[in-house]
């Protein structure tokens with residue numbers, strides 16, 4: 001590949017640079033490769049305050065220059081901008097509130113990586129994680145770049161008001177896009193660690209339960225910490241994204257496709273809706289997919305260890321003690337993800353949201369048809 005990271009630190013470093021310049025946490029990498037003191041160290045940064053002011057200022061400028069109640073489109077865009085502002089500021093607040101947990105998460109991931117590589121003898125494939133990550137991120141960036149190019153063609157030579165409108169709209173969208181990168185990286189990494197751990201335990205049936213406990217304990221702690229730090233991000237991501245999608249679909253169905261073909265500006269609105277809304281939905285769907293896969297891998301770990309228990313030759317007292325420790329850790333603190341304990345973050349929850357939106361749109365279309373009767 002064009003870039004071959006040597007460890008998880010090198011893989012995460014570019015993402016942390018992006019996080020720094022979007023107002024989120026700022027970490028610096030200390031220590032050389034394979035050094036025992038290699039770690040990320042949190043550093044305070046003025047970018048947090050600067051970006052927060054920029055995001056708030058962006059909304060204020062838009063409200064100052066434009067009448068947000070002029071027509072339906074103005075109301076829709078204003079609601080979307082408020083949603084993006086809440087989302088970005090919420091993620092900034094959550095990241096700094098959980099800065100100690102993020103530090104622990106980094107250190108546990110590095111420890112987990114070394115434990116698995118040392119115990120099962122295989123080098124961790126960082127290129128696989130990188131390729132997996134790029135397959136997730138690049139399509140969404142491609143959509144944003146395409147829409148940006150189309151809007152730039154329209155705004156080329158436009159008046160000052162249109163330029164301000166375009167700038168305000170894209171500031172919120174770009175920060176929203178970059179803020180979810182590190183969360184996606186954590187999910188992909190933990191998923192790959194679980195897969196490698198399960199494969200290693202399957203291929204080493206004589207591995208002692210105490211050794212399995214030692215590795216699994218760190219991996220399970222990583223999952224629980226990720227569960228703790230992710231729920232705030234998911235809350236501030238899911239609710240605004242859901243709001244933007246609903247009002248965007250409302251605008252699309254209310255106007256009808258034919259009305260979007262009258263002018264180039266309306267055609268751009270149609271392109272933005274047809275590309276932007278599915279990309280938002282797919283992005284959240286893929287996050288749920290990763291959460292679901294981590295939970296499935298954790299359940300598979302239980303099954304593998306349960307099968308391996310019959311092959312253990314350790315003294316009964318030691319064996320049952322290790323077995324109880326393993327099961328207590330996994331049962332009392334299961335690797336299941338929820339948002340502040342209100343609802344589980346999984347596919348059934350996502351399907352229920354899709355059903356709610358679909359039902360709303362069906363009623364909307366029916367009422368519009370009745371208006372013309």
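Numbering (UniProt numbering), first residue to last: 1 to 373.
Even glycine gets a Cβ: it sits at the ideal position worked out from N, Cα and C.
Here residue 106 has 40 as same chain residues with Cβ atoms under 6 Å from its own Cβ, once five neighbours each way along the sequence are excluded. The Cβ atoms of residue 240 and residue 83 sit closer than 7 Å to each other. Scanning 348, 244, 214 and 235 for the CA closest to the CA of residue 289 turns up 348. Residue 12 is classed as buried because its beta carbon has at least 16 other beta carbons within 10 Å across all chains shown. In this chain, the alpha helix (DSSP H) harbouring residue 191 covers 181 to 203. Using a Cβ distance threshold of 7 Å, residue 8 and residue 101 do not count as a contacting pair. Here residue 39 is bridged, per DSSP, to 30.
For residue 66, no alpha helix (DSSP H) encloses it, and the DSSP letter there is neither H nor E. Residue 118 counts as exposed, since fewer than 16 other C-beta atoms from the protein chains shown sit within 10 angstroms of its C-beta. In the DSSP assignment, residue 99 falls within the unbroken alpha helix (DSSP H) covering 99 to 120. The residue among 49, 302, 73 and 182 with its C-alpha nearest the C-alpha of residue 220 is 302. Bounds of the alpha helix (DSSP H) holding residue 13 are 8 to 20. Ranked by how close their Cα comes to the Cα of residue 216, the residues 109, 51 and 49 have 109 in first place.
Of 244, 116, 26 and 235, the smallest CA-CA separation from residue 211 is found for 116. Taking the Cβ atoms as the reference, residue 85 lies roughly 7 Å from residue 56, within the contact range of under 8 Å. Under the 8 Å Cβ criterion, the region 221 to 235 counts as touching the region 85 to 100, having at least three qualifying pairs.
Judged by DSSP in its simplified three-state form, residue 45 adopts coil rather than helix or strand. Using a 10 angstroms sphere on the CB of residue 88, the tally of other CB atoms reaches 16 or more, which defines it as buried. Contact holds between the region 186 to 194 and the region 291 to 298, because three or more Cβ pairs, one in each stretch, are under 8 Å apart. Each residue's CA atom was taken as its position, placing residue 304 and residue 223 some 18 Å apart. Residue state for residue 23 is assigned as coil, using DSSP reduced to three classes. The alpha-carbon separation between residue 285 and residue 350 amounts to approximately 7 Å. If you draw a 10 Å sphere on the C-beta of residue 354, you find fewer than 16 other C-beta atoms in it, and that means exposed. Linking residue 218 to residue 199 through their CA atoms gives a straight-line distance of about 17 Å.
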